[in-house]
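Q:
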Amino acid sequence: FLFGLGISNFSFNTSLKKYFSAKTACPTDAGSFVFNCCMINSLALSLPILLFLEKSRNRNIMIISHHDTDGITSAAILAKTLKRLDKKFTIKIVKNLDKDFVQHLDDSNLIIFLDLGSSLLDEISKLKDVFVIDHHEISSKPSSNITMINPHLFGEEEISASGLTYLFSKAISNENKDLANLAVVGMV
């Protein structure tokens, strides 16, 4: 999928193709669909959420986040969300991401990169299942195993990673709207 805020090559079934009108979705040459949403909203996030809930079922989750305020608050928002879902997870806060670090990740986990990852997509694509929630520029076209939420894909307004993570968490459950204060701290 190419979302107005993210990307993934998730296979649509016939009923989903019928659900989305030509105004909302259109096929690309790679067989994926482009969702060019003018605003980051729950429809735009519903498919990444469904993918996340499916891929995280009975799996450990590894959160890897940037060591700045935006990354740390992103990790805090997602950690609170995962606790509410009773998911098992670990968090690693890193200064930067490099090929050696990525090569040594245990990809039996569902891996979620927060506030980083967009610049190392070729290396990340070697992992099994990956989510990238980031606001930095994208280095290359993401592969089919990467679900990406990033406003740069379609020139959307700039938003922090903590803001994106908050919207992702709120789309999982409206109960997570109490995490907005963390997103605001991350934008500073």
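Residues 13 to 200, numbered by this note's numbering, are exactly what the sequence shown covers, in order. Heads up, the beta-carbon is just placed ideally off N, CA and C, and yes, glycines get one too.
(1) Taking just the CA atoms, how far does threonine 81 sit from valine 197?
(2) Since isoleucine 136 and isoleucine 158 should fall inside the 8 Å C-beta cutoff, what is the C-beta to C-beta distance between them, to a whole number of angstroms?
(3) Looking only at its own chain, which residues have a Cβ that is under 8 Å from the Cβ of serine 58, when we skip the five neighbours before and after it?
(4) In three-state DSSP terms, what is isoleucine 75?
(5) Could you say which of Glu66, Asp119, Pro60 lies nearest to isoleucine 76 if we only look at CA atoms?
(6) Leucine 126: which of Lys140, Met74, Ser68 sits nearest, CA to CA?
(7) Helix or strand or just coil, what does DSSP make of isoleucine 150?
(8) Would the beta-carbon of serine 174 fall within 8 Å of that of isoleucine 89?
(9) Under a Cβ-count criterion, where at least 16 other Cβ atoms within 10 Å of its own Cβ denotes burial, should asparagine 2 be classed as buried or exposed?
(10) Looking at the strands, I want to know which residues DSSP matches up with valine 106.
A: According to the structure data:
(1) Stepping through the sequence shown from its first residue, residue 197 is reached at position 185. Stepping through the sequence shown from its first residue, residue 81 is reached at position 69. Each residue's alpha carbon lies about 8 Å from the other.
(2) Taking the first residue of the sequence shown as position 1, residue 136 is located at position 124. Taking the first residue of the sequence shown as position 1, residue 158 is located at position 146. About 6 Å separates the two Cβ atoms, so the contact holds.
(3) Within the sequence shown, residue 58 is the residue found at index 46, counting from 1. Contacts found: Ala183.
(4) The count along the sequence shown starts at 1 and reaches residue 75 at position 63. Strand.
(5) Position 64 of the sequence shown holds residue 76. Out of Glu66, Asp119, Pro60, Asp119 has the C-alpha closest to the C-alpha of isoleucine 76.
(6) Translated into the one-based positions of the sequence shown, residue 126 becomes position 114. Leucine 126 has its Cα closest to that of Met74, out of Lys140, Met74, Ser68.
(7) As a first step, residue 150 must be located in the sequence shown, where it is residue number 138. When DSSP states are grouped into helix, strand and coil, isoleucine 150 belongs to the coil group.
(8) By 1-based counting over the sequence shown, the position of residue 174 is 162. By 1-based counting over the sequence shown, the position of residue 89 is 77. Contact flag set, yes.
(9) Lying before the first or after the last residue shown, residue 2 is absent from the chain, which here runs from 13 to 200.
(10) What you label residue 106 is simply residue 94 of the sequence shown in a count that begins at 1. Looking at the DSSP assignment, valine 106 forms a beta bridge with His78.
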